[in-house]
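Below is one structure, written out as structure tokens; comments come after it.
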Amino acid sequence: MSIYNNRFAVGVSDEGDLLRVVKVCRTQDAIKILDVKNYRLRKALDASSYNDEDDVTNYDDRKTIDITSFDDEGDIDFQNPEDSSDEKTGDDNATFIEILDLAKEKSSRIALSISEPRVFYSVFDTNWGLSGKKLYQKIISELSNLKENTIRIDRNSISILQMTENRLMTVARDQDLEFFTRLDLVKKFIGRRLPRIEFAESSEFSLINLILNQYDLHEDDITLVLYVGDDSSRLIFLQGSRVHHISQLIGEGINSPNVVTMLYSRLLLALDTLDLPKVDKIILAGLNDTEEIRETFLENFTFGVEEYFHDNFGTDINIEMFKHNFDTSALDYEQVEKLNSFSIAIGAAVRAVTPDNKSLINVDLNPTFVRDRQKTIIITKFGWVLICLIPIIIAYTIVSIGDLTRQIKYLEREVSTKQLFLARQRNVEVLIEEAHAKLVNLDNSITILDSLLIKSESHSDFIGRLMKLSEEINGLWITELSTNTDNIAFLKGFAYYRNRIPRLVKGLGSSNLKVVDVREIRESTVYYFEIETDISKKQDKN
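So for the sequence shown, my numbering puts the first residue at 468; every next one is plus one.
Rendered as structure tokens:
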């Protein structure tokens, strides 16, 4: 099930002093047309200026507004059955209030279609190697040069579309949209916010999107959409779902006696100019008149066109009235009969309720002030639930912060205790290291003593002689004493005076001086020596 089901939209085709209005609803199975209406305005929307005081009814805000009836000074009763034109006229503000009343559902959107001269088209054969913001800036510069007297063109007043043959088409709004100004004027009378303005697009693209929604056009198929309005007509060529060509506005409509001749000549001119290899189908839209006039038009137009295509293309052309699969059960017979004349408004409304249809062409000419006004946060039911939960969440957060604060203080005390214990342990570790160092020194001493083989008498005599010589000679000290299994002792030490070393060698007897070296210890010169002596031989007593 689509999230866009049960969405309502009001499509408005703005034709100056005539508004064609359609209300549709998207259901799970189809798009349902709920109402269609024509409104004839006293002051056209494309008027150069509009003074709201000229057309504002002084309603009492404390009273209920009945927009379906007027007093004796009113122009017309909307329910007058003698109005054969099927158009509602009267106070313009009441017209806009009624349009807003059609969009009273919360999910309602308003989609606006505007026609020339308020929009114009331009085609460019290149994109200048640009894209994004730079392409928009280039297009705006080009359009400003083309339309020197137009209003200021900004990014919100143009849409850029990709055409066939890698061309670009721009749809530009040439005037401010008076429709939105009129809505603002009557907003105070409805007692609620304005519905969302989904987009504003050109009438031609509303019609194109309607065709794309209802027809499955193959990529290579060339389709001619021929729209015949009351006072004007238009030729639109499509190749697949892309625009190939939009003709200039033709100033002949269904009520013109020369409409068939004019359309036929314009069609032949377009076919010669565009040099199309074929046209697969012609779809007729608009044709707001009686069934008899429509049939007569179709018969006269079809005869000449079919003959031309048969002679020049060698094929038969398929010409048909626009067909749709919308649910029209809410309309009466007369409304269904005139539904074709609402094609543009229907196209805008259908696009508004099917934003998930990616095949439709996205044109949006909404003014900047409309876009800015609609930049609001829409809160869903889930959002309101969250808002209601905010006080509970805040209270829970405060309690949680208090608990966490107490836990942090407890942990800080624990950390202080652990740090004190760690400091004590480090002191103990230092004492242990000092004791270990002493133990290592003692172990080294024991190792030296063990290596001397004290149990041997010769070793005892040798140590005795060595101690006696040290006392007699003085000024020397032994740093290392080691022996091997052959009773050879190795002495290493230092002497303050060099001449003491030979006396030590002589006193030991059976000794050899191996090394004598001068060294500096604590800024004093000393003499390092190494002596090898046989401790098994006793010193001669001479």
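Heads up, the beta-carbon is just placed ideally off N, CA and C, and yes, glycines get one too. Bear in mind the structure is a predicted one, so any value in this text is a computation, not a measurement.
With DSSP run on the structure shown, which of helix, strand or coil describes residue i?
| i | result |
| --- | --- |
| N824 | coil |
| Q681 | helix |
| G753 | strand |
| E987 | strand |
| Q892 | helix |
| W431 | Examination of residue 431 is not possible in this model, given that the chain is present from 468 through 1009 alone. |
| H926 | helix |
| G931 | helix |
| G718 | coil |
| K842 | coil |
| S582 | coil |
| G599 | helix |
| T872 | helix |
| H777 | helix |
| D910 | helix |
| V993 | strand |
| H712 | strand |
| G696 | coil |
| T847 | coil |
| N473 | coil |
| L485 | strand |
| K573 | coil |
| V830 | coil |
| E999 | strand |
| G976 | coil |
| T795 | coil |
| M630 | coil |
| K805 | coil |
CB-CB under 7 Å to residue i, same chain, minus the five flanking residues each way: which ones, in chain order?
| i | result |
| --- | --- |
| I859 | none |
| S575 | F475, A476, V477, P662 |
| G771 | Y731 |
| L798 | I500, V503 |
| S826 | L679, S708 |
| V985 | T992, Y994 |
| G960 | L943, W944, I945, T946, F996 |
| I955 | E999, D1001 |
For the candidate residues the options, whose alpha-carbon lies nearest to that of residue i?
| i | options | result |
| --- | --- | --- |
| V993 | N966, R880, Q715, D1001 | N966 |
| T763 | R634, N725, A737, I606 | N725 |
| T631 | A815, Y775, V590, E881 | V590 |
| I721 | V882, V895, S808 | S808 |
| Q495 | L856, V820, V852 | V820 |
| I577 | L512, C492, L597 | C492 |
| L644 | S708, L948, V489, S669 | S669 |
| F647 | I750, G483, V837, T795 | V837 |
| E572 | I620, W851, R660 | R660 |
| H685 | S673, L705, L677 | L705 |
| D953 | T1000, I566, K876 | T1000 |
| L677 | L650, S708, G696 | S708 |
| S673 | F849, A904, I703, D698 | I703 |
| Q802 | L485, D484, V489, N473 | V489 |
| G942 | S949, A962, L958 | A962 |
| A815 | R507, A667, I968, F768 | A667 |
| L569 | I968, I657, S867 | I657 |
| D484 | N473, A497, R507 | R507 |
Between residue i and residue j, how many whole angstroms is the CB-CB distance? I'm expecting something under 8 Å.
| i | j | result |
| --- | --- | --- |
| I813 | G478 | 6 Å |
| F793 | K504 | Actually they are not in contact, since the Cβ atoms of F793 and K504 sit about 16 Å apart, beyond 8 Å. |
| L448 | D481 | An answer regarding residue 448 cannot be provided, because it is not within the stretch 468 to 1009 covered by the chain. |
| E804 | E758 | 7 Å |
| D683 | R634 | D683 to R634, Cβ: 24 Å. No contact. |
| I940 | L971 | 6 Å |
| D783 | F776 | 7 Å |
| V638 | Y694 | About 16 Å; that fails the 8 Å criterion. |
| R649 | F780 | Not quite, the Cβ-Cβ distance comes to about 48 Å (not below 8 Å), so this is no contact. |
| I675 | I828 | 6 Å |
| S723 | A737 | Going by Cβ atoms, the distance from S723 to A737 rounds to 19 Å, so no, they are not a contact pair. |
Within a Cβ cutoff of 6 Å, which residues of the same chain sit near residue i, ignoring the five residues on either side of it in sequence?
| i | result |
| --- | --- |
| N680 | V817 |
| L597 | K605 |
| R622 | Y603 |
| G696 | G720, G753 |
| N979 | E999 |
Confirm the yes/no value for this check: CB of residue i, any heavy atom of the ligand FAD, distance under 6 Å.
| i | result |
| --- | --- |
| H791 | Of the ligands one can find in the structure shown there are none, so the ligand FAD has no counterpart to examine. |
So, at 8 Å on beta carbons, what are the nonlocal neighbours of residue i in its own chain, with the 5 sequence-adjacent residues on each side left out?
| i | result |
| --- | --- |
| E583 | L716 |
At least three beta-carbon pairs within less than 8 Å, the region 733 to 746 to the region 685 to 693: yes
Segment contact flag, the region 594 to 603 with the region 620 to 635, C-beta cutoff 8 Å, min 3 pairs: yes
Any 3 or more C-beta pairs closer than 8 Å across the region 960 to 979 and the region 925 to 943: yes
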